[in-house]
Amino acid sequence: DGGITQSPKYLFRKEGQNVTLSCEQNLNHDAMYWYRQDPGQGLRLIYYSQIVNDFQKGDIAEGYSVSREKKESFPLTVTSAQKNPTAFYLCASSGTRGVDTQYFGPGTRLTVL
Amino acid sequence: DQQVKQNSPSLSVQEGRISILNCDYTNSMFDYFLWYKKYPAEGPTFLISISSIKDKNEDGRFTVFLNKSAKHLSLHIVPSQPGDSAVYFCAASVYGGATNKLIFGTGTLLAVQP
């Protein structure tokens, strides 16, 4: 089955710790994205990558970092510099021709204790 | 600056009736629009899209209408079913732009009452 997987579903971390969220896709998509959703708000773009070994900051990149070493994988690290890391994190992927529909993973709920 | 706005945070509709979800945008460069449906603690799923060369696109019970002069689009669900209860997001982009970035609205929570 083709799709996007995110792990883990729920993640807890202590304040001051870095944590890495996993995102893998087998849709053969070139582009991948990370969004954050907070209660009552829409999806806000953190980082995106249109090709391997290249990525760009989205609207709220501060306190986050990413890598894109493989086409299938786009891990997101939430660093201790992120002031309000507790949120629901969503990964998506798409093609890169015109506006290709973005397909989303199931999300990871990160809670900072 | 919210470029895509969904001014109704919630909507309640009776089963079998029509649900109309609205979305406004401010950037006249947007020419491609999408609707996503999202259940709690899950990722959004794509519903339907429309490009600016059309004013209507239909897929089963779902129809999206685009009014470019008013910078307004709407999603109609007919007939509404209890399983349609979810948060609906509209998103906008520029077709063929340098990136495939989507700008999302804040969502509308639809509750379909049996």
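These protein sequence lines are chains A and B, in that order. If you're matching positions, the first sequence starts at 1 in my numbering and goes up one per residue. If you're matching positions, the second sequence starts at 1 in my numbering and goes up one per residue. In this text, a Cβ means the ideal position worked out from N, Cα and C, and glycines have one as well.
Neighbour-count burial assignment, A:Leu113, 16 or more Cβ in a 10 Å radius: exposed
Backbone CA spacing between B:Lys29 and B:Ser93 [nearest angstrom]: The question names Lys, but residue 29 of chain B is Met in the sequence shown. Each residue's Cα considered, the two are about 8 angstroms apart.
Assigned exposure category for B:Thr45 - 16 Cβ within 10 Å defines buried: exposed
Beta-carbon neighbours of B:Thr106, restricted to chain A and to distances below 8 angstroms: Gly40, Gln41 and Gly42
Secondary structure, beta strand (DSSP E): runs of 3+ residues fully inside the segment 15 to 93 of chain A: 19 to 25, 31 to 37, 43 to 51, 54 to 57, 64 to 66 and 76 to 78
Run of the beta strand (DSSP E) containing B:Lys38, from where it starts to where it stops: Tyr32 to Lys38
Proximal residues to A:Thr101 (C-beta, below 7 angstroms), its chain only, five neighbours per side dropped: Correct list, in chain order: Ser94.
Short Cβ contact (8 angstroms threshold) for B:Ser74 with B:Arg17: no
The beta strand (DSSP E) enclosing B:Val87, as first and last residue numbers: Ala86 to Ser93
Nearest to A:Ala31 (by Cα), restricted to the options A:Phe88, A:Ile51 and A:Gly42: A:Ile51
Test: A:Ser93 CB closer than 8 angstroms to a CB of chain B: no
Nearest-angstrom Cα separation, counted from A:Ala81 out to B:Asp31: Cα-Cα distance, rounded: 36 angstroms.
Rounded distance between the beta-carbons of B:Phe104 and B:Val4, thought under 8 angstroms: Sure, about 6 angstroms apart at Cβ, within 8 angstroms.
Chain B residues whose Cβ lies nearer than 9 angstroms to that of A:Tyr48: Thr99, Asn100 and Lys101
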